[in-house]
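S.K.:
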Amino acid sequence: MAEKIVAGPVESSNGIREAVCIHTRKIYDSCRDKDCIEDLRFYPKLEYVDVLNHALSVKGGKADLLYVYVDVEAVNFNRGFYTVDMRFFYKVTLQAYTSAPCPMTVEGLCVFDKRALLFGSEGSAKIFSSEYRSEEPDIQQMRRSNLPIAVVEAVDPIVLDARVVEGCGKRGCDCDLCEVPACVSKCFGGDLCGGDDGRRIYVTLGQFSIVRLERDSQLLIPVYDYCMPEKHCDCGNTDDPCCLFRNISFPVGEFFPPNTVTASDSYGEVKNYCSCCGEN
Numbered sequence: 009m010a011e012k013i014v015a016g017p018v019e020s021s022n023g024i025r026e027a028v029c030i031h032t033r034k035i036y037d038s039c040r041d042k043d044c045i046e047d048l049r050f051y052p053k054l055e056y057v058d059v060l061n062h063a064l065s066v067k068g069g070k071a072d073l074l075y076v077y078v079d080v081e082a083v084n085f086n087r088g089f090y091t092v093d094m095r096f097f098y099k100v101t102l103q104a105y106t107s108a109p110c111p112m113t114v115e116g117l118c119v120f121d122k123r124a125l126l127f128g129s130e131g132s133a134k135i136f137s138s139e140y141r142s143e144e145p146d147i148q149q150m151r152r153s154n155l156p157i158a159v160v161e162a163v164d165p166i167v168l169d170a171r172v173v174e175g176c177g178k179r180g181c182d183c184d185l186c187e188v189p190a191c192v193s194k195c196f197g198g199d200l201c202g203g204d205d206g207r208r209i210y211v212t213l214g215q216f217s218i219v220r221l222e223r224d225s226q227l228l229i230p231v232y233d234y235c236m237p238e239k240h241c242d243c244g245n246t247d248d249p250c251c252l253f254r255n256i257s258f259p260v261g262e263f264f265p266p267n268t269v270t271a272s273d274s275y276g277e278v279k280n281y282c283s284c285c286g287e288n
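Numbering (the numbering used here), first residue to last: 9 to 288.
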């Protein structure tokens, strides 16, 4: 039976000098997803309502992911598993075509709800810390539970489609705009139209995301040596602009475009996406 490794010096031919115990977040479960989000209600800024009511058509522009609200809840009768509820807030820019020769750019909000079921293990410890933060309650007097922490990584979505619907169309009327966080509202610089029963705009977005559950853990890891930077902090003569310019490499690629474009390794690959991710 192999001898149990403990923290301390280690004799190894692979260059490992010692084993150390560190405190970090261990990933217990994760999944990735590629969501095609159809018919998301577009809530325009009030200043663009009249433009959309007279628009002949709308076309997709771009979408920026502003914020994701994340909530973690334990699953009853399924120990160690948790639901991760996410609400994505997007700032969407569309092109509205009216009788004018040039389209008008309109901005608005789209909201998408998503849920994932992941394993996060169990833990009932009460955690205290002596960490201190200025202008805040002393953290050592605060207590927190040992629930797993949900982390959501996502890129800005792709606008796949946009269309105008008179009233509710053939689909059931959706709800009015939900409560919008203050940090999201500030990104629009104006009020949003959320409860109009007239003409409505729906967009389709393509969203890539990764969701994972992490938990504070103590891990024993091998150490090769201390990490000492090899590069010197030489910023040059900042008073001489020509000296700084000479340190910039010549942009060869800007003058001579490549003859071929090489796709990334992951392009076109068939992946097994996690089946536990999906919409509510």
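Yeah, the Cβ is synthetic: ideal placement off N, Cα and C, and Gly gets one too.
I'd like the list of long-range same chain contacts for ASP58, defined as Cβ closer than 8 angstroms, with 5 residues on each side in sequence excluded.
M.R.: none
S.K.: Among the residues of its own chain, which have a CB less than 6 angstroms from the CB of ILE157, if the five just before and after it don't count?
M.R.: GLU222
S.K.: Would DSSP call CYS39 helix, strand or coil?
M.R.: strand
S.K.: Can you look up GLY88 in the DSSP assignment and give me helix, strand or coil?
M.R.: Looking at GLY88 - three-state DSSP - the assignment turns out to be coil, as it is neither helix nor strand.
S.K.: Do ASP72 and ARG95 have their beta-carbon atoms positioned less than 8 angstroms apart in this structure?
M.R.: no
S.K.: For a cutoff of 8 angstroms on Cβ pairs, would you count GLY68 as touching chain B?
M.R.: Of the chains in the structure shown, none is chain B; there is only one protein chain.
S.K.: Over what stretch of residues does the beta strand (DSSP E) that includes CYS118 continue unbroken?
M.R.: The continuous beta strand (DSSP E) containing CYS118 extends over residues 112 to 127.
S.K.: Just to confirm the assignment, what range does the beta strand (DSSP E) spanning PHE196 have?
M.R.: Segment: none, PHE196 is in no beta strand (DSSP E) and carries neither H nor E.
S.K.: Given that a residue counts as buried once 16 or more other Cβ atoms are within 10 Å of its Cβ, and exposed if not, what is PHE305?
M.R.: The first residue shown for the chain is 9 and the last is 288, placing residue 305 beyond what the model contains.
S.K.: Contact defined as beta carbons within less than 8 angstroms: I believe LEU117 pairs with LEU200. What is the distance between those atoms, to the nearest angstrom?
M.R.: 6 angstroms
S.K.: Which residues share a DSSP beta bridge with MET94?
M.R.: VAL78, LYS122
S.K.: Apart from the five residues just before and just after GLY23, which ones in its own chain have a Cβ nearer than 7 angstroms to its Cβ?
M.R.: TYR232
S.K.: Can you check DSSP and say which residues form a bridge with HIS62?
M.R.: DSSP output for HIS62 lists no bridge partner at all.
S.K.: Take every Cβ of the segment 60 to 74, pair it with every Cβ of the segment 252 to 266, and state whether three or more of those distances are shorter than 8 angstroms.
M.R.: No, the segment 60 to 74 is not in contact with the segment 252 to 266.
S.K.: Closest to TYR90 by CA distance: which of GLY128, HIS62, GLY68 is it?
M.R.: GLY128
S.K.: Please report how far the alpha carbon of ARG33 lies from the alpha carbon of VAL160, in whole angstroms.
M.R.: Taken atom to atom, the span from the alpha-carbon of ARG33 to that of VAL160 is near 15 angstroms.
S.K.: Does LEU48 pass the burial test, meaning 16 or more other C-beta atoms within 10 Å, or should it be called exposed?
M.R.: Answer is buried; the Cβ neighbour count reaches 16.
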